[in-house]
Amino acid sequence: MCRFLLVRSKNKIKPEKLLDEFASMCEKSRAPDGDWQGDGYGIAWRMAGKWELKKSLTPVWDEINRFETIPKTKLFAVHARSSCFPNQKGIIEYNQPYIEDSLCFVFNGMVRGVSLSMPLDGKIGAQKIFSLLKQNIRKNSTDEALRQVDRLIVNNAKKVEGMNIGVVYDGKFYVLCEYESNKDYFGIRYYQDDDITLVCSEPIGSYQWRNMKKSEILLL
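In the numbering used here, the protein residues as written are 218 to 437.
What follows is the structure, encoded as structure tokens:
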């Protein structure tokens, strides 16, 4: 299953150290079925009031020497992709984060057999969930839109082993954590102090991480 990290800092920082720690975690992490997140990655960071985006089809841990080129920023998101389907590998447009205007979106999950009546943009599940979220944001607050997405998918899927969504909007983090079991792998962690806010799929560094609860939505 994919892994992601969201970072917001009070002051501008170089992302390199946190990206290195994230890449190391991704290289070691394995899903219960042995799946890994080696199908490329994406990094988005805020610069001069807009999102800059870099994507690659190379495993994130094989490109740590490129992280030093990313400038200082107060806000960034990184996502390492794991594709379950051979015909969906090697297509860079599928790699996250997904950006639209000031909205930044990351998702990881194992969701099976979703059947929804409304038309959705996208070719893969992550793109369709992003489309569903955008439809709901037009009518609701961001946290309520996440609740609607959670409700719609849980109620219309055959199985939701894990479904986590991170949204960055107006400098805030909106995070959904949904899983059936195995919270150590399918859960989400977060850390916050006066200087930095982190949301991550697994612990990195030496931070005092807290675990999100099942079906919880956080605004950080």
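Each residue gets a CB set at the ideal place from its N, CA and C atoms; glycine is no exception. All values derive from a computational prediction rather than experimental measurement.
- In this structure, E310 is the residue among N325, K356, E395, E310 with its C-alpha nearest to the C-alpha of G339.
- Scanning its chain for C-beta atoms nearer than 6 Å, with the 5 sequence neighbours on each side dropped, one finds around F284 the residues E233, L236, in chain order.
- For V277, the three-state secondary structure derived from DSSP is helix.
- DSSP, read as helix, strand or coil, puts A374 in coil.
- Collapsing the DSSP output to three states places G326 in a strand.
- The segment 317 to 329 and the segment 371 to 385 touch, with three or more beta-carbon pairs separated by less than 8 Å.
- Beta bridge pairing from DSSP links K389 with Y386.
- Contact check for L437 against K389 passes: the beta carbons are separated by less than 8 Å.
- Exclusion of the five residues before and after E433 leaves C394 as the residues of its chain whose Cβ lies within less than 6 Å of its Cβ.
- With fewer than 16 other beta carbons inside 10 angstroms of its own, R368 counts as exposed.
- For G259, the enclosing beta strand (DSSP E) covers residues 258 to 264.
- The beta carbon of M264 sits closer than 7 Å to the beta carbons of P288, T290 from its chain, once the five residues preceding and following it are set aside; these are given in chain order.
- Contact check for D252 against S319 fails: the beta carbons are separated by 8 Å or more.
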